[in-house]
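Report on the structure given below.
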Amino acid sequence: RRHVLGFGRVQLRRGKLREGRSSRVRILTWNIGRVYLLGESRAAGPALDHVAGVIADLAPDVVALQELKDAGQVDRIVDLLGPRYRGVGADHSRSDRVVGMLAKPAAEFEQVPIASGRRAIAVRMTNGGGPTHVAGIHFDAFDAGRRQREAAELVAWAERRGGDVVFAGDFNFDPGLCPPRGPDART
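To get the numbering used here, take the position in the sequence shown, counting from 1, and add 915.
Set out below in structure tokens:
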């Protein structure tokens, strides 16, 4: 069992070596918020058309989106993409920015409540010889203690699952806490 923390593009390869086959999961994680000091910073309207276009061009298996206004924006993106994807947006989140997950039609979705009131969304798929979960998350931007609690809850959730778990999203890490890069920094 592996837990992978994904920054940017992650490809998870697994398979049965004796059969000489492998498979991969292509994951896209994207905070679609815009950086503005004043005014609305969440994507809307034509920006969602652009998001759907990029997803269509890249054709990932799973997409983790952060900083959506509401779950309805996931529905809009899925409508733009057509039958290639299904999607779910977090419901009942206490945050004004929610996460959304899109995946190829065979995947299953799960809402993962976090005590802080935020929600992660997990996608379960079978990849190679076993299940893979991808959890889309958006940790608190302003409270380091809350981020640590949110992360601990998600790791506990991941431990209860079988197979590999990939966390994809906006972690809002403090730069001094990022792990060093080196030969063991990647799985």
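All C-beta atoms in this analysis are idealised placements derived from N, C-alpha and C, irrespective of residue type, glycine included.
Since this is a predicted model, take the numbers as computed values, not measurements.
| Query | Result |
| --- | --- |
| 8 angstroms Cβ cutoff met for residue 1082 and residue 1065 | no |
| Opening and closing residue of the beta strand (DSSP E) in which residue 1085 lies | 1079–1085 |
| Start-to-end residues for the alpha helix (DSSP H) that takes in residue 987 | 987–996 |
| Inter-residue Cα distance where the pair is residue 1052 and residue 1038 | 12 angstroms |
| Nearest-angstrom Cα separation, counted from residue 941 out to residue 931 | With a pLDDT of only 37 at residue 931, under the threshold of 50, the placement of this residue in the model should not be trusted; the figure read from the coordinates follows. One C-alpha to the other measures close to 18 angstroms. |
| Separation of residue 1019 from residue 976, as counted between CA atoms | 6 angstroms |
| Endpoints, beta strand (DSSP E) assigned at residue 1004 | 1001–1004 |
| Sequence-distant residues of its chain with Cβ nearer than 8 angstroms to residue 1069 (five each side left out) | 1027, 1029, 1035, 1050, 1052, 1082 |
| Limits of the unbroken alpha helix (DSSP H) element including residue 961 | 961–973 |
| For residue 968 and residue 936, the rounded distance between their alpha carbons | Since pLDDT at residue 936 reaches only 43, below the 50 mark, its modelled position is unreliable, and the value read off the structure follows with that caveat. Answer to the nearest angstrom: the Cα atoms are 31 angstroms apart. |
| Reduced DSSP category for residue 1051 - H, G, I as helix; E, B as strand; rest coil | strand |
| DSSP-derived helix/strand/coil call for residue 976 | coil |
| Candidates 1021, 1031, 1032, of which the one nearest residue 1047 by Cα | 1021 |
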